[in-house]
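Participant:
Residue numbers (the numbering used here), protein chains in the order written: chain A, 1 to 139; chain B, 1 to 263.
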């Protein structure tokens, strides 16, 4: 299962009440657990084969989700560099993006140490409450 | 004659929250940054930073708020409301209403609000409002309400690029007014509406805002990211969002973006 497919699945369940989904295909299993009241979604992406007993590599990615509706900005201003890029190492409390709603700038901080694996939203695009913004690999 | 703003630092305001403590600077980079730093260090809500001159006044999305010295109002207020994150942007509506009413004290006709945060006089912008949210060292959430009002700016002090779009109280009424007086009225208005919110919620604030909001009833186009929403602005909902009906009669909620309206 590649990152694009995982993103598509996240998009499908967003805006729904689904809090947990498990998909098994060709010996791969994807488990997405959404904490609809919290700030982080836990996404297990185990390369786990259900049919063989190969060594298991559990790579758990955690999504940073939007706490409110608004516009997503990756930098403090159009001229400044993005807060993070794919591959950036972030520490708990670091600002990762801004969600602007009716001219109120909300600086979104990460709640754990991690590495940015994927940026899911384009700069300037609108986001919904609970929408996943970044995928991070916790350190 | 230069008015002494230190007047406000001596506890002379009889407000409940806003302006209980006032920090005054002759010059600073940005009152929003100063208030943000104070809030990070845990000051109570109601602290206000006022400056006579800003070197790097903050506008929205990193733009500069032009801040000629001594002529205008630049202030930032620390608030710590127990508001849910989804409703927090209604603080923009509260601040905009307070500014519009303050301007109304000097100009009776032609004052209107362009959703969500611009106060216009004869279709020209007279103020700027910028809100920021942060988490302080005690893990408590705070808000900074930054307000700039063009009070006594002359035509020369308004950058030519915006001279058709911006104005000041002086340019509209033809004489200079006391900045101290405008500050007084503004701080009391902010305190009044903040008190209302704390007791009764946002309902009356939204009603008053709607009554002054000239965007409602106009054809608008809003750029949100790469998409464009065009249609008739029907109203402002209970979250403060603008409701726009497009040509397919679909009503869309506008939460942010760049708004243009037909006069």
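No residue lacks a Cβ here, since even glycine has one placed at the ideal position from N, Cα and C.
None of the values given here were measured: they were computed from a predicted structure.
Jot down the residue ranges of each uninterrupted beta strand (DSSP E) in the region 76-112 of chain B, minimum 3 residues, whole runs only, in chain order.
Facilitator: Complete beta strand (DSSP E) runs here, min 3: none at all.
Participant: For residue 102 of chain B and residue 182 of chain B, I'd like the C-alpha separation in whole angstroms.
Facilitator: Residue mapping note: residue 102 of chain B aligns to position 102 of the second chain, counting from 1. Residue mapping note: residue 182 of chain B aligns to position 182 of the second chain, counting from 1. Between residue 102 of chain B and residue 182 of chain B, the C-alpha separation is close to 7 Å.
Participant: For a test of the three-state rule: what should DSSP assign to residue 209 of chain B, helix, strand or coil?
Facilitator: For the purposes of this step, residue 209 of chain B is taken as residue 209 along the second chain, with counting starting at 1. If DSSP states are grouped into helix, strand and coil, residue 209 of chain B belongs with the helices.
Participant: Would you list, in chain order, the members of the region 72-92 of chain A that have their beta-carbon closer than 9 Å to a beta-carbon of chain B?
Facilitator: 72, 73, 75, 76, 77, 78, 79 and 80
Participant: Please state whether the Cβ-Cβ distance between residue 103 of chain A and residue 130 of chain B is less than 8 Å.
Facilitator: Working through the first chain from its first residue, we reach residue 103 of chain A at position 103. Working through the second chain from its first residue, we reach residue 130 of chain B at position 130. Contact: yes.
Participant: Skipping 5 residues on each side, what residues in its chain have a beta carbon closer than 7 Å to that of residue 133 of chain A?
Facilitator: For the purposes of this step, residue 133 of chain A is taken as residue 133 along the first chain, with counting starting at 1. Counting only residues of its own chain and dropping the five nearest sequence neighbours on each side, residue 133 of chain A has a CB closer than 7 Å to the CB of 64, 65, 66, 72, 97, 120, 121 and 127.
Participant: Hey, how far is the Cα of residue 201 of chain B from the Cα of residue 95 of chain B?
Facilitator: The residue labelled residue 201 of chain B in the question sits at position 201 within the second chain. The residue labelled residue 95 of chain B in the question sits at position 95 within the second chain. Distance between the alpha carbons of residue 201 of chain B and residue 95 of chain B: 14 Å.
Participant: Counting contacts by CB-CB distance shorter than 8 Å, is residue 109 of chain A in contact with chain B?
Facilitator: Counted from its first residue, the first chain places residue 109 of chain A at position 109. Chain B contact via Cβ: present.
Participant: Examine chain A for any beta-carbon lying closer than 8 Å to the beta-carbon of residue 31 of chain B, and answer yes or no.
Facilitator: If you number the second chain from 1, residue 31 of chain B lands on position 31. It does not: the Cβ of residue 31 of chain B has no partner Cβ on chain A nearer than 8 Å.
Participant: Is residue 103 of chain B close to chain A? Criterion is C-beta to C-beta, closer than 8 Å.
Facilitator: On the second chain, position 103 is the one that residue 103 of chain B refers to. Taking Cβ atoms only, chain A never reaches closer than 8 Å to residue 103 of chain B, which makes this a no.
Participant: Tell me the DSSP secondary structure of residue 34 of chain B in three-state form.
Facilitator: For the purposes of this step, residue 34 of chain B is taken as the residue at position 34 of the second chain. Of the three classes helix, strand and coil, the one that applies to residue 34 of chain B here is helix, per DSSP.
Participant: Could you have a look at residue 107 of chain A and say whether DSSP puts it in helix, strand or coil?
Facilitator: For the purposes of this step, residue 107 of chain A is taken as residue 107 along the first chain, with counting starting at 1. Note: residue 107 of chain A maps to strand in three-state DSSP.
Participant: Does DSSP classify residue 204 of chain B as helix, strand or coil?
Facilitator: Position 204 of the second chain, counted from the first residue, corresponds to residue 204 of chain B. Three-state DSSP puts residue 204 of chain B in a helix.
Participant: Could you pull out every residue in the same chain whose Cβ sits closer than 8 Å to the Cβ of residue 232 of chain B, ignoring the five residues on either side in sequence?
Facilitator: Taking the first residue of the second chain as 1, we reach residue 232 of chain B at position 232. Annotation for residue 232 of chain B: 217, 218, 219, 220, 244 and 245 place their beta carbon closer than 8 Å to its own, counting only its chain and skipping 5 residues before and after.
Participant: Hey, could you find the ends of the alpha helix (DSSP H) residue 169 of chain B is sitting in?
Facilitator: For this step, residue 169 of chain B is matched to residue 169 along the second chain. Taken as a continuous stretch (DSSP letters only), the alpha helix (DSSP H) holding residue 169 of chain B covers 169-173.
Participant: If we cut at 8 Å on Cβ distances, does residue 1 of chain B have a partner in chain A?
Facilitator: Counted from its first residue, the second chain places residue 1 of chain B at position 1. Low confidence applies here, because residue 1 of chain B scores a pLDDT of 48, under 50, leaving its location unreliable and the question unanswered by this model.
Participant: Measure the Cβ-Cβ separation of residue 76 of chain B and residue 151 of chain B and say whether it is below 8 Å.
Facilitator: Sequence index remark: in the second chain, residue 76 of chain B carries index 76 (1-based). Sequence index remark: in the second chain, residue 151 of chain B carries index 151 (1-based). For residue 76 of chain B and residue 151 of chain B, no; Cβs fall outside 8 Å.
Participant: So residue 51 of chain B is in the beta strand (DSSP E); what residue range does that whole segment cover?
Facilitator: By one-based count along the second chain, residue 51 of chain B stands at place 51. 47-54 is the span of the beta strand (DSSP E), which, as asked, contains residue 51 of chain B.
Participant: For residue 98 of chain B, which of B/215, B/47, B/187 and B/203 has the nearest alpha-carbon?
Facilitator: Taking the second chain and counting its residues from 1, the one referred to as residue 98 of chain B is at position 98. The shortest Cα separation from residue 98 of chain B among B/215, B/47, B/187 and B/203 belongs to B/187.
Participant: Taking 8 Å as the cut-off, does the region 103-115 of chain B touch the region 25-40 of chain B (at least 3 CB pairs, one atom from each stretch)?
Facilitator: no
Participant: On the DSSP letters alone, give me the boundaries of the beta strand (DSSP E) that residue 145 of chain B sits inside.
Facilitator: To locate residue 145 of chain B, count along the second chain from 1; it is residue 145. Residue 145 of chain B -> beta strand (DSSP E) spans 141-149.
Participant: State the CB to CB distance for the pair residue 30 of chain B and residue 53 of chain B, rounded to an integer number of angstroms; the pair is presumed to be in contact (CB under 8 Å).
Facilitator: The residue labelled residue 30 of chain B in the question sits at position 30 within the second chain. The residue labelled residue 53 of chain B in the question sits at position 53 within the second chain. Contact doesn't hold; Cβ gap of about 11 Å is too wide.
Participant: What would DSSP say about residue 20 of chain B, mapped onto helix, strand or coil?
Facilitator: Here the question's residue 20 of chain B lines up with position 20 in the second chain. Of the three classes helix, strand and coil, the one that applies to residue 20 of chain B here is coil, per DSSP.
Participant: Does the CB of residue 139 of chain A have a neighbour CB from chain B at under 8 Å?
Facilitator: On the first chain, residue 139 of chain A is found 139 positions in, with the first residue counted as 1. With 8 Å as the cut-off, residue 139 of chain A does not count as an interface residue toward chain B.
Participant: Along chain A, in chain order, which residues have C-beta atoms closer than 7 Å to that of residue 57 of chain B?
Facilitator: Residue 57 of chain B sits at position 57 when you count from the first residue of the second chain. Neighbours of residue 57 of chain B on chain A: none; closest Cβ ~13 Å, over 7 Å.
Participant: When you compare each of A/101, A/77 and A/118 to residue 90 of chain A by their alpha carbons, which one comes out closest?
Facilitator: Here residue 90 of chain A refers to the residue found at position 90 when the first chain is read from its first residue. Answer by Cα proximity: A/118.
Participant: At 7 Å on the CB atoms, spell out the chain B contacts of residue 101 of chain A, in chain order.
Facilitator: Numbered from 1 along the first chain, position 101 holds the residue referred to as residue 101 of chain A. Going along chain B in sequence order, the residues near residue 101 of chain A (Cβ under 7 Å) are 89, 255 and 256.
Participant: Please return the same chain residues whose Cβ sits closer than 8 Å to the Cβ of residue 12 of chain A, not counting the five positions on each side in sequence.
Facilitator: Walking along the first chain from the start, residue 12 of chain A turns up at place 12. Contacts found: none.
Participant: So is residue 132 of chain B in contact with chain A if we call contact Cβ pairs under 8 Å?
Facilitator: Working through the second chain from its first residue, we reach residue 132 of chain B at position 132. Interface residue, yes.
Participant: Here's the rule I'm using: 16 or more other beta-carbon atoms within 10 Å means buried, otherwise exposed. How should residue 251 of chain B be labelled?
Facilitator: Against the second chain, residue 251 of chain B aligns to sequence position 251. Residue 251 of chain B comes out exposed.
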